[in-house]
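See below for the structure under consideration.
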Amino acid sequence: MKSGFEQPAFNPPDPIEKPEFPNVPEKPTVPEITLPTANPTHEPKPYTLFPIRKACRPAITKGEVEEMILASVPPDVHVHNLRISLFYANWLGIWTWFVQYDLNICPEIGYTVSSYIDAMTGEVVT
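Going left to right, the sequence shown walks through residues 1 to 126 as the UniProt record's numbering numbers them.
Set out below in structure tokens:
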């Protein structure tokens, strides 16, 4: 009785014949690569820092941001380790103040707050 899983007899394929191309040499010559004389390669420019233009300067100062943060926190909560830095958020496409600070409601409970404040309008972005 046959199970259907028997291997067929090995039948090797015919050898592959190489096609004939009469005009193609065995080893083709590689053409010489030359740089064009009319377009010389440019000299790289030295690295320069991106200047902050007057239009990009923040309308809200660091001191005003600090006042906004302290005014938004209740008086019985202690704010410490306040860090404020000007930051260009690529994902927003605007200049922002990155604010991070620690809040202690009581000695046992505390957490870190971080947010972005728009440097032109002063509104909290995140």
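Where is the CB? At the ideal position from N, CA and C, for every residue including glycine.
Contact annotation: the segment 71-78 does not touch the segment 86-96, with fewer than three C-beta pairs closer than 8 Å. For LEU70, the enclosing alpha helix (DSSP H) starts and ends at 62-72.
With fewer than 16 other Cβ atoms from the protein chains shown falling within 10 Å of its own Cβ, VAL24 counts as exposed. Leaving aside the five residues that flank ALA59 on each side, the residues in its chain whose CB is nearer than 8 Å to its CB run, in chain order, ALA119, MET120, THR121 and GLY122.
In the three-state DSSP reduction, ARG57 falls in the coil class, being neither helix nor strand. According to DSSP, ILE84 shares a beta bridge with VAL99.
Counting along the chain, the unbroken beta strand (DSSP E) around ASP118 starts and ends at 109-118.
Per DSSP, ASN23 has no beta bridge partner at all. In terms of CA proximity to LYS62, PHE98 leads the group PHE98, PRO15 and CYS106.
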